[in-house]
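Visitor: Residue numbers (the numbering used here), protein chains in the order written: chain L, 1 to 354; chain R, 1001 to 1354; chain A, 2001 to 2354; chain U, 3001 to 3354. Every residue, glycine too, gets a C-beta built ideally from N, C-alpha and C. If you're wondering where the values come from, they're calculated on a predicted model, not measured in any experiment. Dropping the structure in here first, questions after.
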């Protein structure tokens, strides 16, 4: 038995389906094993859980509160429920995971808030769209869902990035209009690594109130987190979490995943690796005929437009990927991927599109 | 680094606070490590997750569906939400965890159902109380919450057990009245081990529709499960789970905990050990002056009535426990406890009560 | 065609089922007809609706906000939802209408709050029970529903009254513990008339935050109201009302019912009449053999314990009433009842019990 | 005192703000007064309430169930909650009242369902858009809100009509895809009158499952209704209604509004009058320079695009209307409007646009 997760072997599958199909980082598994000694206070009263706030406050260069949760959906929906009343409106991009892929979790946890999708380039929210939507929202009109929050996914669902200046402008609009700001950071590590910035610079320093801090896609096993940049928002959340069945009794085993994840910059090293693989993959595809990159490759995802017949051919060759509509495929690179896997994938593309 | 969780050492604390303060069973941690190889389909489409249904169907001797969830609260609340409409009433014991200790989770997940606490001996629901409550419930009267479900905790929150015959009688009442039956099995292993029966004999064979199958208290890390005995109930649950943020992307790491938990009867061995420790503790206390056992010791919990001053004295000696009101303490024995720890605890009692 | 509702004729039924079976007061119907001229701003922007706050502020001798709603259930549930978070606990009497007869409305509108029934004499909440419940509630413990509000029904569901001193003591406990205070005034007029006090003296002067102000049972047609004694609570309510489908477009026809109801003290005159009839009925029954009054007759309701056979006999004679369990009947006197109807009812009792 | 509502006098305002600013029809007020005699069983057990099902079954030429509710928002949200699970998606037009103007009522009553707006001509849902949305909805994918229902507003929020053939095609798509069909008939009378069809022909005969049957805008006071075309849908609704505070105790006064509304075809006569006034208004505006009709005038609403300065000038002349964005105004004609009022309004337009 070994803690090591193994990358796909040379004759294994080329698996670009998702970063969710990845292994767990050995360092994190080791941290779990290391935490498995003696008794520990339940429900987050233990030493490791209490260390979380301190550790993440260092990481974010400001006092924060950290709440481990089971999934990114829980992080998103509970975050948004914390900053919108049941009659609130939450603005997001048209492709936001909270809007398209969480089965109405935000509507559920908030007691019926409304998600308002906004257009923009490269799968981001456009400042002009946000400005107009907030201006026309009918603040104070009781028959309208009231502007309460905006959520930005960083990196986006299509692997693009909000540049810090771009995000600053969006956050400025939100704050001027009095709506709270959430960052969906399911792939936050990929964004920080790719932008070469700090966690603080693209969150609370721009006015973000709280975020979903992803860990599972990038090396953890069963744990993401809500990070709150404004302590006053944290009064209600523990009650929401408990009644949502999101407070583990043996919390130390979640906390230690998050501690291990950021320890020594592991999270950024793992993300940088996935980003580099995606860059290699995107560069290879860009040179091919027929294939068209749907969005710039800025993090660890590559979206490619292809003829349906080519998509079928790639699937027939054993390439593993997900589809987005009839002519676009999504290719995700993992922290535990290898250049060899990328190159085998590119070879499949070349032989298909030749 | 080692996978082994360690029991408290000879000079460590005597920790009877909860089974939630326990370590993870080394076998389960090993199973996680073993599962950490290669890519795996996300969200429960992987091999290990799919094996769950088959494995638990063997265990329960009938086709079942298994849904891993993060916590017992999630298991309970989502189970009950599956079998009660928002205007339904769920009958439970006065000390039921769902009623007293889950911050309104069932009310939340069900969209506002009502929990109706019923009295009974030894912290169980009395058949007469259930019969009367259902008879007087006003079925069909639109101003009354409508009888929908009953939940029995096995073993109970006070470490007592429903004898199979007793449970059969209760279930018969429920079925005759057309209400669905849920078992809160946060400590189901302790019940099965103590009763020397089979999982089937005290669940679906008596008419139970679904159950919360606890694992975390008895050796798992971060995972319990919902087990459904009627496949037709399982259509909606996957949607409920997803929008509750209870569907892990890397589900294999949850599934493997449950597989490891039941593998080779591990769960019953661990539970039997905790039960034996509780029996030893209860027997020791029974012989002491002043102390009174509040309920028969039938699983892994011991509740003791003591003068407040004695409780303070025990705490002062370093005994770790939780209180229930001003004169009762709860002592929980863990699968990773030792006879030596019990005996040290008993010695504290003896020196205090002498 | 006439606006006059007619009382039952001398050979009509003796109808003690409820004050809900009553007619509408002719004065209120006339006020509606009078309001039916010209156009009026919708959704409460009209002149009559705006007059409500002013008129009720006079009535209550303090600035209040008034929100007409369709039913008492809506008034109660929306009031309580305004002062409790989804994880809150609302304390009430064991026979509180909100707990027994509103199909979980408070649970629904609040997003899953918990109603906690408390015992007491004469169907009221006992101060000692409230004190103990709040002391033991586990404030700040995230697994417990958090004390948020208490609701007192005045007059109670059994026609008894909270004496102002008694209510003052209860409110003092609530305020000391930081929970908000709601009055369910479905029969508030009967209470004010019977106590010979002012609306202010038994509401906000004791610390009440808001109330359900009943009108339909006592002369209105289709309209009750929420009265808020603390303006700061009124910010959210308009949004809650709108999304609950409780904001009429032609609000003037609701507002004018409430204005007509209190105009010139009509509400108290009507209530006093119903109270006097109940007193006459109670006095008559008190002198009979076998029958036992279950509670003092203090408002417009009489509850009588009788042998089942006598109950059947009364029903056979054509007396109309509702049952409470197998040996208790409820007799309600209406503002549009007559002494003749009471006396015919008493005669039925006499011939039955002789 | 008189039951007659009066139209605006010759020097009164020209009020095109809404049909919600109208009076009540004298016939309906008379029916209320007429119902005000003797006692009547509460909560809908009375004679008039029970007559509703029969009367509307005649009207719709099929057995239906009728449930009076306080408002159109209640009718819509409770209807939709009856046919969609909390994880369902409800398809509607981009300008649907349920989506834009009910403060999230459908999201609230359904427990978090998602409204999906679809484009189309003349403010209707396009068949192609519905077909595509349902095809791409991801049926069975647990991370997607599941197609449950579609709602068509007839007449639409912009006074246009679904032609029976057009509606038949839309309903056929919905039924083929297994989603339920709701009609928002806030202005159903205007549609039936304008189309010269029967209620049956544009509802259940096309496959509609249930509808919101408006009455308040067109002559009632405080009452709309849900009409269910499939009895099996009606089992749960009474519980939903009760816990929503939508079941009046003195239901007879609501029922009689609906009975009076349809008695002798009153509803269609009133609607035809409002339609004719709108036609006169639309025809007059069509001949003017500068002004542009935004949609065909098919029911009782006229939407006009105008320069902002002209809008200001009209407001300055005392014309009462609502705005839709910066260059469009809404003009609504009422059943109690007069040709004289229309002509005065047109004169204001002429003097403004000259």
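Is the beta carbon of residue 1209(R) sitting closer than 8 Å to the one on residue 1181(R)?
Guide: Taking the second chain and counting its residues from 1, the one referred to as residue 1209(R) is at position 209. Taking the second chain and counting its residues from 1, the one referred to as residue 1181(R) is at position 181. Against a cut-off of 8 Å, the Cβ pair of residue 1181(R) and residue 1209(R) comes out as a contact.
Visitor: Using a Cβ-Cβ cut-off of less than 7 Å, give me the residues of the segment 2079 to 2097 of chain A that come near chain D, in sequence order.
Guide: Absent here is chain D; the protein component of the structure consists of chains L, R, A and U.
Visitor: Establish whether the CB of residue 3177(U) and some CB of chain R are separated by less than 8 Å.
Guide: Locating residue 3177(U) in the fourth chain gives position 177, where the first residue counts as 1. Judged by the 8 Å Cβ criterion, residue 3177(U) is not in contact with chain R.
Visitor: Checking the sheet assignment: what are the DSSP bridge partners for residue 1100(R)?
Guide: As a position in the second chain, residue 1100(R) is number 100, starting the count at 1. Answer is none; residue 1100(R) lacks a bridge partner.
Visitor: Using only alpha-carbon positions, find the residue among 222(L), 350(L), 215(L) and 36(L) that is nearest to residue 1246(R).
Guide: Taking the first residue of the second chain as 1, we reach residue 1246(R) at position 246. Looking at the Cα atoms, 222(L) is the closest of the given residues.
Visitor: Tell me the rounded alpha-carbon separation between residue 1345(R) and residue 1014(R).
Guide: Numbered from 1 along the second chain, position 345 holds the residue referred to as residue 1345(R). Numbered from 1 along the second chain, position 14 holds the residue referred to as residue 1014(R). Approximately 6 Å between the Cα atoms of the pair.
Visitor: At what residues does the alpha helix (DSSP H) containing residue 2286(A) begin and finish?
Guide: Taking the third chain and counting its residues from 1, the one referred to as residue 2286(A) is at position 286. Note, residue 2286(A): alpha helix (DSSP H), 2266 to 2286.
Visitor: Quick one: list the residues of chain A neighbouring residue 1103(R), beta-carbon separation under 7 Å, in chain order.
Guide: Counting from 1 along the second chain, the entry for residue 1103(R) is found at position 103. Correct list: 2087, 2142, 2143, 2144 and 2145.
Visitor: According to the Cβ coordinates, are residue 3253(U) and residue 3028(U) closer than 8 Å?
Guide: In the fourth chain, the residue the question calls residue 3253(U) occupies position 253. In the fourth chain, the residue the question calls residue 3028(U) occupies position 28. Taking 8 Å as the Cβ cut-off, residue 3253(U) and residue 3028(U) do not qualify as a contacting pair.
Visitor: Within the present structure, is the beta-carbon of residue 25(L) separated from the nearest heavy atom of the ligand COA by less than 7 Å?
Guide: The ligand COA is not part of the structure shown, which contains no ligands of any sort.
Visitor: Measure from the alpha carbon of residue 58(L) to the alpha carbon of each residue in 324(L), 202(L) and 262(L), then state which is nearest.
Guide: As a first step, residue 58(L) must be located in the first chain, where it is residue number 58. Nearest of 324(L), 202(L) and 262(L) to residue 58(L), Cα basis: 262(L).
Visitor: Do residue 2088(A) and residue 2110(A) have their C-beta atoms within less than 8 Å of each other?
Guide: Here residue 2088(A) is taken as the residue at index 88 of the third chain, counted from 1. Here residue 2110(A) is taken as the residue at index 110 of the third chain, counted from 1. A contact, by the Cβ cut-off of 8 Å.
Visitor: Spell out the partners DSSP gives residue 3170(U) in its beta bridges.
Guide: In the fourth chain, residue 3170(U) corresponds to position 170, counting from 1. In the DSSP output, where bridge partners are listed per residue, residue 3170(U) has none listed.
Visitor: Scan the segment 1221 to 1237 of chain R for residues whose Cβ lies nearer than 8 Å to a Cβ of chain L and list them as they occur along the chain.
Guide: Within the segment 1221 to 1237 of chain R, the qualifying residues are 1221, 1222 and 1223.
Visitor: Against chain U, which members of the segment 102 to 136 of chain L pass a CB distance test of less than 9 Å?
Guide: Here the close residues are 102, 103, 104, 105, 106, 107, 108, 109, 110, 111, 112, 113, 114, 115 and 136.
Visitor: Should the segment 3155 to 3169 of chain U be regarded as contacting the segment 3276 to 3295 of chain U, the criterion being three or more beta carbon pairs within less than 8 Å?
Guide: Yes, since at least three Cβ pairs between the segment 3155 to 3169 of chain U and the segment 3276 to 3295 of chain U fall closer than 8 Å, the two stretches touch.
Visitor: Considering just the uninterrupted stretch of the alpha helix (DSSP H) at residue 3256(U), what are its terminal residues?
Guide: As a first step, residue 3256(U) is located in the fourth chain; it is residue number 256 there, counting from the start. Its alpha helix (DSSP H) spans residues 3252 to 3262.
Visitor: Do we get a CB-CB distance below 8 Å when we pair residue 2239(A) with the residues of chain U?
Guide: Numbered from 1 along the third chain, position 239 holds the residue referred to as residue 2239(A). Residue 2239(A) counts as touching chain U.
Visitor: Since residue 3247(U) meets chain A, which of its residues come closer than 7 Å, beta carbon to beta carbon?
Guide: In the fourth chain, residue 3247(U) corresponds to position 247, counting from 1. In chain order: 2071.
Visitor: Determine the direct distance from the alpha carbon of residue 2322(A) to that of residue 3039(U), and round the result to whole angstroms.
Guide: Here residue 3039(U) refers to the residue found at position 39 when the fourth chain is read from its first residue. Here residue 2322(A) refers to the residue found at position 322 when the third chain is read from its first residue. Approximately 15 Å, taken between the alpha carbons.
Visitor: Less than 8 Å separating the beta-carbons of residue 69(L) and residue 56(L)?
Guide: Translated into positions along the first chain, residue 69(L) becomes position 69. Translated into positions along the first chain, residue 56(L) becomes position 56. Contact: no.
Visitor: Please tell me whether residue 3049(U) and residue 3240(U) are closer than 8 Å, where the distance is taken between their beta carbons.
Guide: On the fourth chain, residue 3049(U) is found 49 positions in, with the first residue counted as 1. On the fourth chain, residue 3240(U) is found 240 positions in, with the first residue counted as 1. Their beta carbons are not under 8 Å apart, which means residue 3049(U) does not touch residue 3240(U) by this criterion.
Visitor: Can at least three beta-carbon pairs, one atom from the segment 2307 to 2327 of chain A and one from the segment 2274 to 2281 of chain A, be found at a separation below 8 Å?
Guide: The segment 2307 to 2327 of chain A vs the segment 2274 to 2281 of chain A: no contact.
Visitor: Can you check which of these residues, 141(L), 287(L), 130(L) and 286(L), is closest to residue 2236(A) by C-alpha distance?
Guide: The residue you call residue 2236(A) lines up with position 236 of the third chain. Measuring from the Cα of residue 2236(A), the nearest candidate turns out to be 141(L).
Visitor: Any chance you could list the alpha helix (DSSP H) runs of at least 4 consecutive residues sitting entirely within the segment 310 to 352 of chain L, in chain order?
Guide: DSSP runs (the alpha helix (DSSP H)) wholly in the segment 310 to 352 of chain L: none.
Visitor: Taking the beta carbon of residue 3231(U) as the centre, do at least 16 other beta carbons fall within 10 Å, making it buried, or is it exposed?
Guide: Residue mapping note: residue 3231(U) aligns to position 231 of the fourth chain, counting from 1. Per the 10 Å Cβ criterion, exposed.
Visitor: Who are the neighbours of residue 3243(U) on chain R, taking C-beta pairs under 8 Å?
Guide: Residue numbering aside, residue 3243(U) sits at position 243 when the fourth chain is read from its first letter. Within 8 Å Cβ-Cβ: 1086, 1087 and 1112.
Visitor: Can you round the beta-carbon distance between residue 90(L) and residue 228(L) to whole angstroms, since I take them to be within the 8 Å contact cut?
Guide: To locate residue 90(L), count along the first chain from 1; it is residue 90. To locate residue 228(L), count along the first chain from 1; it is residue 228. Not quite, the Cβ-Cβ distance comes to about 17 Å (not below 8 Å), so this is no contact.
Visitor: Using a Cβ-Cβ cut-off of 8 Å, state whether residue 3040(U) counts as contacting chain A.
Guide: Position 40 of the fourth chain holds residue 3040(U). Yes - at least one Cβ of chain A is within 8 Å of the one on residue 3040(U).
Visitor: Under 9 Å Cβ-Cβ, which residues of chain R neighbour residue 66(L)?
Guide: Position 66 of the first chain, counted from the first residue, corresponds to residue 66(L). What residue 66(L) touches in chain R: nothing, since even the nearest Cβ is about 16 Å away.
Visitor: Report back the beta-carbon spacing between residue 2193(A) and residue 2272(A) to the nearest angstrom; my notes put them in contact at under 8 Å.
Guide: Numbered from its first residue, the third chain carries residue 2193(A) at position 193. Numbered from its first residue, the third chain carries residue 2272(A) at position 272. Contact holds; Cβ gap of about 4 Å.
Visitor: If I follow the unbroken beta strand (DSSP E) through residue 1067(R), where does it start and stop?
Guide: For the purposes of this step, residue 1067(R) is taken as residue 67 along the second chain, with counting starting at 1. That run of the beta strand (DSSP E) goes 1065 to 1069.
Visitor: Taking the alpha helix (DSSP H) that residue 26(L) belongs to, which residues open and close that run?
Guide: By one-based count along the first chain, residue 26(L) stands at place 26. Segment 26 to 35, the alpha helix (DSSP H) holding residue 26(L).
Visitor: On the DSSP bridge assignment, give the partners of residue 2293(A) in chain order.
Guide: Taking the third chain and counting its residues from 1, one reaches residue 2293(A) at position 293. Residue 2293(A) pairs with 2304(A).
Visitor: Under the assumption that residue 1270(R) contacts residue 1213(R) (Cβ atoms under 8 Å), give the Cβ distance between them as a whole number of angstroms.
Guide: Here residue 1270(R) is taken as the residue at index 270 of the second chain, counted from 1. Here residue 1213(R) is taken as the residue at index 213 of the second chain, counted from 1. Actually they are not in contact, since the Cβ atoms of residue 1270(R) and residue 1213(R) sit about 14 Å apart, beyond 8 Å.
Visitor: If you draw a straight line from the alpha carbon of residue 1001(R) to that of residue 35(L), how long is it in whole angstroms?
Guide: For this step, residue 1001(R) is matched to residue 1 along the second chain. For this step, residue 35(L) is matched to residue 35 along the first chain. Note that residue 1001(R) scores a pLDDT of 37, beneath 50, so its modelled location is shaky; the value from the coordinates is reported in the next line. Between residue 1001(R) and residue 35(L), the C-alpha separation is close to 10 Å.
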